[in-house]
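Peer 1:
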Amino acid sequence: MYKNDIKFSLWCDFVERSFLEGEFGDLIEKKIVNAATSNPSIFKSAFLGSPAYAEDKAKLHGKSAKEMYEALAIGDIQRAAKKLLPLYEKDDDGFISIEVDPFLCDDAEATIEEGKRLFKAIGYPNVMIKVPATEEGFIAMEVLLSEGINVNATLIFSDIQTKYCLEAFTRANETLVDILQNSFVFHSKTTVKVD
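Numbering-wise (the working numbering), the sequence shown opens with residue 2 and increments by one.
#1: Taking the beta strand (DSSP E) that VAL132 falls in, what are its first and last residues?
#2: If we count the other Cβ atoms within 10 Å of its Cβ and call it buried at 16 or more, is GLY23 buried or exposed?
#3: Quick one: what does DSSP say ILE97 is sitting in, helix, strand or coil?
#4: Starting from the Cα of GLY149, find the closest Cα among ILE123, GLY138, LEU177 and CYS166 and give me that residue.
#5: Going by other Cβ atoms of all chains shown within 10 Å of its Cβ, with 16 needed for buried, is GLY116 buried or exposed?
#6: Tell me whether the region 118-127 and the region 70-87 touch, counting them as touching only if at least three CB pairs, one residue from each stretch, are closer than 8 Å.
#7: In the DSSP output, which residue or residues are listed as bridge partners for VAL13?
#8: Where DSSP assigns a beta bridge to ALA154, which residues make up the other side?
#9: Reducing DSSP to helix, strand and coil, say where LYS64 ends up.
#10: Give me the DSSP bridge partner(s) of LYS4.
#11: What does the alpha-carbon distance come out to for the pair MET69 and LYS60?
#12: Around the Cβ of ALA66, are there at least 16 other Cβ atoms within 10 angstroms (buried) or fewer (exposed)?
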C-alpha cells in the first residue's frame, strides 16, 4: 500500500521461501504491500522452521553456518526483489532489504565490503542494504550510498542516531550530485555505411 500524497507505504516484515512463492505475490498484486524487509532473526525462523529449505540445505551441507545463511538469504532476497521490481520501476517503492552481518556493527570497512558484496551478489537495483546505526555504521552508510547502493538504516533508537543517519545520507547525496555535475558523456561522430 503506497499513499503518495502522505508518503506512506506498507512493508512486509517477513521473508520465507514458500510465502515468497505464493502469498507474497498476491499481497503485491492486491496493493497491500509494496516493499519488504528481512533480518537475521526472520531468516533464522524461516531456515529452521520451514521445510521449503530442506533441499537447498542438503546441497549446502559442509559449508560454514555463514555460507549457508548467505546462500539461502540471497536466494530469498532475489525472489522478493524480482517480484517487487515492477513496483520499483514505476517508482512505487518496491524495495527489499537485507542486513549486513550484525557482528560487523563496529567495523565500517568490513560493513562496506559486505554491503557491496551482497548488493552485487543479489543483482537487483531494488535491494537495500541494512546497516546498523552505530558510529561505524554511519561511515558505512555514507560510503555505500555515495556508490549508488540503497541503504536502510536500522536499529535507530535515539534522536542523535537519527541525526547522524540524516547527515550520512545528506553527505552521500552531495557526493553523488557532485559526481553527476562533474561528469559528461562525449559522443564522437560516427558514420555508418549500410549496403
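Beta carbons are placed, not taken as given, at the ideal position from N, Cα and C, and that holds for glycine. All values reported here derive from a predicted model rather than from experimental measurement.
Peer 2: Walking through what the data contain:
#1: Segment 128-133, the beta strand (DSSP E) holding VAL132.
#2: Flag for GLY23 reads exposed.
#3: When DSSP states are grouped into helix, strand and coil, ILE97 belongs to the strand group.
#4: By alpha-carbon distance to GLY149, the top candidate from ILE123, GLY138, LEU177 and CYS166 is LEU177.
#5: Taking all protein chains shown into account, GLY116 has 16 or more neighbouring C-beta atoms within 10 Å of its C-beta and is therefore buried.
#6: Yes: at least three Cβ pairs fall under 8 Å.
#7: Residue identity differs from the one stated: residue 13 is Cys in this sequence, not Val. Paired residues: ALA37.
#8: Paired residue(s): VAL132.
#9: Reduced to three states, the DSSP call for LYS64 is coil.
#10: Answer is PHE9.
#11: C-alpha of MET69 to C-alpha of LYS60: approximately 10 Å in a straight line.
#12: With fewer than 16 other beta carbons inside 10 angstroms of its own, ALA66 counts as exposed.
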